[in-house]
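Only one structure is covered here, and it is reproduced in the block below.
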Amino acid sequence: MQGNLPPEEHFLGKTFPFFPNHEIVEHIGSGAIGRVYRAHAAHIDGDLAFKFVPVENLPSDEHNRNNYLEEARQANVLENRCVVPYLDVLSWEDPVLGREFVVFIRQYVWGLSLARYIEANRGNVELPFIEQFLSAMFGLLFELEQRGMVHGDIHADNVLVTRSRYNLGGDVQFRVTDFKPTGHEQPGDYVAIALVLKRLLECVSYEEQPLRDRYVFEVLRNDFLGRHLVESDPTADSRALDPRRLQSKLDSVDEMFAAASASRGPEAAVRSVRR
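For what it's worth, the numbering used here labels the leading residue of the sequence shown as 150, then goes sequentially.
Shown next, in the form of structure tokens:
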């Protein structure tokens with residue numbers, strides 16, 4: 150499929166009939182089926198992300214292609230703040246190449262993909278950051294569950310780590326992109342989050358953490374990664390596939406540590422959850 154993609158530089162410096170005030174200024178990245186660019190509108194200092202997908206890279210029959218495009222738009226019904234909505238999904242023929250593309254247009258999010266963040270912060274990821282990530286994902290999973298939807302493609306490249314340029318508090322936010330149509334082979338959303346959690350835990354310098362964070366590390370590794378997120382049978386684990394119960398346990402780790410520390414001391418509390 151990548152063989153159908155035009156050269157990275159092909160769209161740079163161009164404007165388009167859709168959102169004509171936005172000029173392509175940067176190639177952000179490429180996936181298996183398309184290329185993503187940042188488009189800037191100088192008059193409002195605003196940015197959008199344009200993803201160009203050759204029609205050859207979409208399902209070949211019209212029914213499945215329409216389903217693909219429609220399900221891409223489904224993210225727009227979600228209210229969760231993690232979700233990066235699409236502003237439009239449209240067909241466009243490139244007059245230079247004489248080829249048809251589907252263009253996915255969404256808000257541009259300033260920040261790093263979680264994959265790049267992990268690469269840049271090996272040994273420096275802190276437990277509160279991981280807790281924030283999990284809380285954001287559990288909130289998203291809850292709404293998806295309520296609406297009978299799935300994301301279908303959660304991985305570290307589709308999660309963005311951002312701090313709003315206009316937020317004086319500078320709090321980290323996690324934004325999720327690229328909802329994938331159902332019917333594609335891949336791990337469920339819970340297992341996908343477990344895989345990201347594993348990568349994050351591998352970036353923690355364990356011996357440098359305070360005892361509270363070591364306790365949380367052990368709970369996340371042994372309980373969440375080892376059981377809750379990978380178990381698909383709720384009768385085997387009551388928290389399996391239940392974002393509310395997962396969030397409740399995540400919220401209770403400080404109480405768990407305090408109770409264990411009070412009864413046996415903080416170091417013994419850490420040892421009690423280490424396996």
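Quick reminder that beta carbons are idealized off the backbone N, C-alpha and C, glycines included. Please read all numbers here as calculations on a predicted model, not as lab measurements.
- In the displayed model, Lys163 falls within coil according to three-state DSSP, outside both helix and strand.
- Between the region 304-312 and the region 269-276 there are fewer than three C-beta pairs closer than 8 Å, too few to call the two in contact.
- The DSSP assignment places complete alpha helix (DSSP H) segments of no fewer than 4 residues inside the region 311-389 at 338-350 and 360-368, in order along the chain.
- Counting along the chain, Ile173 sits inside no alpha helix (DSSP H); it lies in the beta strand (DSSP E) bounded by residues Glu172 to Ser179.
- Per DSSP, the unbroken alpha helix (DSSP H) holding Glu292 starts and ends at Leu276 to Arg296.
- Ranking Asp403, Asp320, Leu346 and Gln223 by CA distance to the CA of Ile279 puts Leu346 first.
- Leu289 is positioned such that its CB atom lies closer than 8 Å to that of Val325.
- Between Tyr257 and Leu161 a beta carbon distance of about 15 Å is seen, past the 8 Å cut, so the two are scored as non-contacting.
- With fewer than three CB-CB distances shorter than 8 Å, the region 352-360 does not count as touching the region 280-287.
- Secondary structure of Tyr266 (DSSP, three-state): helix.
- Counting other Cβ atoms within 10 Å of its Cβ, Ala188 reaches 16 or more and is therefore classed as buried.
- Of the residues His212, Pro203, Leu263 and Arg222, the one whose Cα lies closest to the Cα of Ser240 is Pro203.
- In the DSSP assignment, Ser240 falls within the beta strand (DSSP E) that extends over Tyr235 to Asp243.
- When the five nearest sequence neighbours on each side are left out, the beta carbons in the same chain lying within less than 6 Å of the beta carbon of Phe328 are those of Ala224 and His300, in order along the chain.
- With a cut-off of 8 Å on Cβ pairs, the region 225-234 is not in contact with the region 209-217, counting fewer than three such pairs.
- The continuous beta strand (DSSP E) containing Leu197 extends over residues Gly195 to Pro203.
- Asp194 and Leu276 have their C-alpha atoms some 35 Å from each other.
- Between Ser179 and Phe253, the alpha-carbon positions lie close to 13 Å from each other.
- Annotated three-state conformation of Val422 is helix, per DSSP.
- About 5 Å separates the Cβ atoms of Arg424 and Asn371, confirming a contact at the 8 Å cut-off.
- Cβ contact annotation for Arg376 (same chain, cutoff 6 Å, sequence separation greater than five): Asp386, in chain order.
- Taking the CA atoms as reference points, Val251 sits about 17 Å from His171.
- In the displayed model, Phe406 falls within a helix according to three-state DSSP.
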